[in-house]
Amino acid sequence: MLKEIRKIRQEGPGRLRWFRDSYWDLYAWYDEANSLIRFELCYGKPRNEQVFAWRRSGSHDHWKVNETESTYTFNQVAIYDASDADFDPEPVIERFRKDMPAGEAELREFVLRALREARPAG
Numbered sequence: 000m001l002k003e004i005r006k007i008r009q010e011g012p013g014r015l016r017w018f019r020d021s022y023w024d025l026y027a028w029y030d031e032a033n034s035l036i037r038f039e040l041c042y043g044k045p046r047n048e049q050v051f052a053w054r055r056s057g058s059h060d061h062w063k064v065n066e067t068e069s070t071y072t073f074n075q076v077a078i079y080d081a082s083d084a085d086f087d088p089e090p091v092i093e094r095f096r097k098d099m100p101a102g103e104a105e106l107r108e109f110v111l112r113a114l115r116e117a118r119p120a121g
């Protein structure tokens with residue numbers, strides 16, 4: 000079950016919220032009016048990590064994290080492989096629905112809606 004990490008460094012205007020567990024990291028950025036402007040849903044830790052990123056413009060991306068580094072130190076940044084055109088959001092939707100706390104229903108439903116909209120046409 001995802002839990003919010005409350006003591007995180009905030010830089011610039013707006014606000015960052017971070018939720019995590021052993022499988023997920025969810026980063027949600029809000030503007031000064033408390034409107035969601037973007038999020039990154041990282042999942043599949045630690046062996047098959049992938050990232051679904053959504054922006055307020057409505058655009059989204061999906062990447063696989065490059066696994067050439069078997070361990071990361073605190074200061075390293077994950078390297079994303081090219082966009083994954085074969086992204087199937089269904090397994091992500093099902094698991095995220097169960098793992099995001101009910102007390103975060105608004106954010107949970109927003110992320111689920113963005114994932115549903117990322118389904119391939121057809």
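In numbering that gives the first Met the number 0, the protein residues as written are 0 to 121.
A virtual CB, placed ideally from N, CA and C, is assigned to each residue, including glycine.
Keep in mind it's a predicted model, so treat the numbers as computed, not measured.
Spatial distance of residue i from residue j (CA atoms)
| i | j | result |
| --- | --- | --- |
| Trp62 | Glu89 | 16 Å |
| Trp17 | Phe86 | 23 Å |
| Arg55 | Leu35 | 7 Å |
| Arg46 | Leu40 | 16 Å |
| Glu108 | Glu93 | 12 Å |
| Phe95 | Asp30 | 24 Å |
| Glu3 | Leu15 | 11 Å |
| Arg115 | Arg8 | 31 Å |
| Gln49 | Ala32 | 30 Å |
| Asn65 | Trp53 | 20 Å |
| Gly11 | Leu106 | 22 Å |
| Leu1 | Arg19 | 5 Å |
| Phe51 | Arg5 | 22 Å |
Heavy atom of the ligand FAD within 7 Å of residue i beta-carbon
| i | result |
| --- | --- |
| His59 | This structure lacks the ligand FAD, and indeed carries no ligand of any kind. |
C-beta contact flag for residue i and residue j at 8 Å
| i | j | result |
| --- | --- | --- |
| Gly13 | Trp28 | yes |
| His59 | Ala117 | yes |
| Phe38 | Val91 | no |
Assigned exposure category for residue i - 16 Cβ within 10 Å defines buried
| i | result |
| --- | --- |
| Phe73 | A caution first: Phe73 carries a pLDDT of 46, below 50, which makes its placement in the model unreliable, though a value can still be read off. By the 10 Å Cβ count, Phe73 comes out exposed. |
| Ala113 | buried |
message = Across the stretch 15-23 and the stretch 92-106, are there enough close Cβ pairs to call them in contact, namely three or more that are closer than 8 Å?
response = yes
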